[in-house]
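Visitor: Numbering (my numbering), first residue to last: 127 to 413.
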């Protein structure tokens, strides 16, 4: 398995810079193609009640919304194109420089997260921004739609852009099929990592292989992995995972998403929900 194509769906928000930096790091690391895409928003919430009692959007409001969206789309495209040029690359999809990375912009008129999720099915990896409370950042719905609808892995960019993705990689292992699938998607990152640690937190595990068995499997594939098993103590599972990753100096966290259902995690919390809310390092996820 290799990473040859990367998608970065963008909005006009504060997280764009970190998303672009994270995406370019991955594109250079693998010498692959990076495609930018604007997430067009559907008209919603701009309605009035007509005499029949139905909620409809007026022509003026629709025109105003669409004009504002065109302006946002142009700002995002310009930001993407300027970013690529600042990196010394050219647009058009041709490889530029010794890394072999290339980039281009994709125009899509289909609105909504679902359109981005479907387009992401064409790519080996999609870069998304981590939702940040109180800041202008991508919505959780965007991240989750691409995660569940693309069938591909996502790399979640933290609020502050990383400087490398190929240092220490920590795999948050919990025994689940979701995490096993994510490890398979993570192989290009693991193959280039300087250090790989399979981390198991007591209390987060489901029935399945141990961390030591996963590390042994990876070593058979030529990845110098080691296992680390720790107790959560008085921490939640998500808190323990992030704390251990920080102690290990992780540059990338690999984690299966939503071993427990999204609804259960919304009600009771869970490791995935905590990591999506608090991670300060890039996180590779798949479901």
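For every residue, glycine included, the Cβ atom is placed at its ideal position computed from N, Cα and C.
Here the structure is a predicted model, which is why all the values come from computation and not from measurement.
Can you tell which of 247, 352 and 302 has the C-alpha that lies nearest to the C-alpha of residue 296?
Guide: Measuring from the Cα of residue 296, the nearest candidate turns out to be 352.
Visitor: Given the structure, does residue 190 come close to the ligand HEM, in the sense that its CB is under 6 angstroms from one of the ligand's heavy atoms?
Guide: The ligand HEM is not among the ligands present in this structure, which contains no ligands whatsoever.
Visitor: With 16 as the cutoff for other CB atoms within 10 Å, does residue 252 come out buried or exposed?
Guide: Burial call: buried.
Visitor: How far does the alpha helix (DSSP H) with residue 313 in it extend, from its first residue to its last?
Guide: Segment 303 to 318, the alpha helix (DSSP H) holding residue 313.
Visitor: Using the Cβ count rule (16 or more neighbours within 10 Å means buried), how would you classify residue 250?
Guide: Buried: at least 16 other Cβ atoms inside 10 Å.
Visitor: Just to confirm before moving on: does the CB-CB distance between residue 423 and residue 134 stay below 7 angstroms?
Guide: This structure does not reach residue 423, given that the chain is present from 127 up to 413, and the question cannot be answered.
Visitor: Go through its chain and collect everything with a Cβ distance to residue 329's Cβ below 7 angstroms, but skip five positions before and after it.
Guide: Excluding residues within five positions, the ones whose Cβ falls inside 7 angstroms are 358 and 363.
Visitor: How many angstroms separate the CA atom of residue 360 from the CA atom of residue 129?
Guide: Their Cα atoms are separated by approximately 39 angstroms.
Visitor: Would you mind listing the alpha helix (DSSP H) stretches within the region 191 to 254 that are 4+ residues and don't spill past its ends, in chain order?
Guide: Fully enclosed alpha helix (DSSP H) runs of 4 or longer: 239 to 245.
Visitor: Beta-carbon separation of residue 337 and residue 324 under 7 angstroms?
Guide: The answer is yes: Cβ separation under 7 angstroms.
Visitor: Name the DSSP bridge partner or partners of residue 298?
Guide: Looking at the DSSP assignment, residue 298 forms a beta bridge with 325 and 381.
Visitor: Taking 8 angstroms as the limit between beta carbons, can you name the residues of its chain near residue 217, skipping five residues before and five after?
Guide: Here the set comprises 207, 210, 211, 229, 230 and 231.
Visitor: Whose C-alpha, out of 399, 404, 369 and 307, is nearest the C-alpha of residue 413?
Guide: Checked all of 399, 404, 369 and 307; the closest Cα to residue 413 is 307.
Visitor: Between residue 199 and the rest of its own chain, which residues show a CB-CB distance below 6 angstroms, the 5 nearest in sequence each way excluded?
Guide: Here the set comprises 164.
Visitor: Near residue 215, what residues of its chain come up, given a Cβ to Cβ distance below 8 angstroms and the 5 sequence neighbours on each side ignored?
Guide: The answer, listed in chain order, is 222, 223, 227, 228 and 229.
Visitor: Just to confirm, is the Cβ distance from residue 410 to residue 291 under 7 angstroms?
Guide: No. Outside cutoff.
Visitor: Ordered along the chain, which non-local residues of its own chain (more than five positions away) have a Cβ less than 6 angstroms from that of residue 146?
Guide: Counting only Cβ-Cβ distances below 6 angstroms, and skipping sequence neighbours, we find 209.
Visitor: For residue 144, which residues from the same chain have a beta carbon less than 8 angstroms from its beta carbon, with the 5 sequence-adjacent residues on both sides left out?
Guide: 255, 283, 284, 285, 286 and 287, listed in sequence order.
Visitor: When the Cα atoms are used, what is the spatial distance from residue 349 to residue 194?
Guide: Taking the straight line from one Cα to the other gives about 49 angstroms.
Visitor: When you compare only the Cα positions, how much space is there between residue 346 and residue 267?
Guide: Looking at the two C-alpha atoms, the distance is approximately 38 angstroms.
Visitor: Since residue 327 contacts residue 356 with CB under 8 angstroms, what's their CB separation in whole angstroms?
Guide: Indeed they touch by this definition, with Cβ atoms about 6 angstroms apart.
Visitor: State the CB to CB distance for the pair residue 298 and residue 187, rounded to an integer number of angstroms; the pair is presumed to be in contact (CB under 8 angstroms).
Guide: Residue 298 to residue 187, Cβ: 46 angstroms. No contact.
Visitor: Looking only at its own chain, which residues have a Cβ that is under 6 angstroms from the Cβ of residue 239, when we skip the five neighbours before and after it?
Guide: Closer than 6 angstroms at the Cβ level, and outside the excluded window around residue 239, lie 267, 268 and 271.
Visitor: Can you tell me where the beta strand (DSSP E) with residue 340 in it begins and where it stops?
Guide: Looking at the DSSP string, residue 340 is not in any beta strand (DSSP E); the run it does join, the alpha helix (DSSP H), is 337 to 346.
Visitor: From this set, 408, 246 and 312, which residue's C-alpha is nearest residue 277's C-alpha?
Guide: Nearest C-alpha to residue 277: 246.
Visitor: Cutting at 7 angstroms between CB atoms, please list the residues of its own chain near residue 237, excluding the five before and the five after it.
Guide: Same-chain partners within the cutoff: 166, 167 and 168.
Visitor: Quick check: residue 142 and residue 408, are their CB atoms within less than 7 angstroms of each other?
Guide: Not in contact: residue 142 and residue 408 (Cβ atoms no closer than 7 angstroms).
Visitor: Excluding the 5 residues preceding and the 5 following residue 401 in the sequence, name in chain order all residues of the same chain whose CB lies nearer than 7 angstroms to its CB.
Guide: Correct list, in chain order: 364, 367, 368, 381 and 409.
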